[in-house]
Every structure is written in C-alpha cells, then in structure tokens.
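Q: Take a look at the following structure, please.
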Amino acid sequence: MFAKWLRENNIAAGLLTVIRVWLGYNWMTAGWGKLTGEGFDATGYLKNAVANPVKGPDGNMVYGWYVNFLESFAIPNVDLFNFIVP
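First residue of the sequence shown? That's 1 in this note's numbering, and the numbers climb one at a time after it.
Structural data, given as structure tokens:
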C-alpha cells in the first residue's frame, strides 16, 4: 500500500526526487577530493586499527588475522591502499 502510494503520488515523487538529487550531490562532493588526489590518506586509520584492535568480552583480540593483514600488507603498501580504497 505504501509502495503504491509512493509510485502514484506526484508530491511523493517530487519529494523523493529532491532527496535523491541532494544525496547524490553530497556524495559526489564528498568523493571528489578522493578522486582528484586532494588528501585521502588511510595511514591514520590503519595504524589506529592495529593499535586498538576489536576485543571480545574476555579481552582477547577477536580479529587477529585482520590486524596481521594490516601490519604485514596494508601499512607497508599504504600508497596502494590510498589508490584503491577511495
């Protein structure tokens, strides 16, 4: 019933169009700097993820394999990650 109303109501269609255009514009402006090379750097995130791993209720590391991956591959190849991730 609600989906039918969204499809058939002109006011809902106009409102959804405005929301979609606004979200698309914000998404593009947020990503433009990443695409043009203006300051995306994953180094801080990667080092923080290694320094503060996810811990379970018993205090042990939950994703040890992920921390190992970050230490052995991601941090040494941070330039590759800066190119691929954005």
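Where is the CB? At the ideal position from N, CA and C, for every residue including glycine.
Rounded to whole angstroms, how far is the Cβ of N70 from the Cβ of V50, which I believe are closer than 8 Å?
A: The amino acid at residue 70 is misidentified as Asn; the sequence shows Leu. With 8 Å as the limit, L70 and V50 qualify as a contact, their Cβ atoms being about 5 Å apart.
Q: Checking 8 Å against the spacing of the C-beta atoms, do V85 and A42 come in under that value?
A: Yes. Within cutoff.
Q: Let me make sure I understand the geometry here. Which of V67, P76 and N82 has the alpha-carbon closest to that of N48?
A: It is V67 whose Cα lies nearest to the Cα of N48.
Q: Taking all protein chains shown into account, decide if A74 is buried (16 or more other Cβ within 10 angstroms of its Cβ) or exposed.
A: With 16 or more Cβ atoms within 10 Å of its Cβ, A74 is classed as buried.
Q: Our contact map puts L35 next to V78 with C-beta atoms below 8 Å; I'd like the distance itself, whole angstroms only.
A: Not confirmed; about 18 Å, so no contact.
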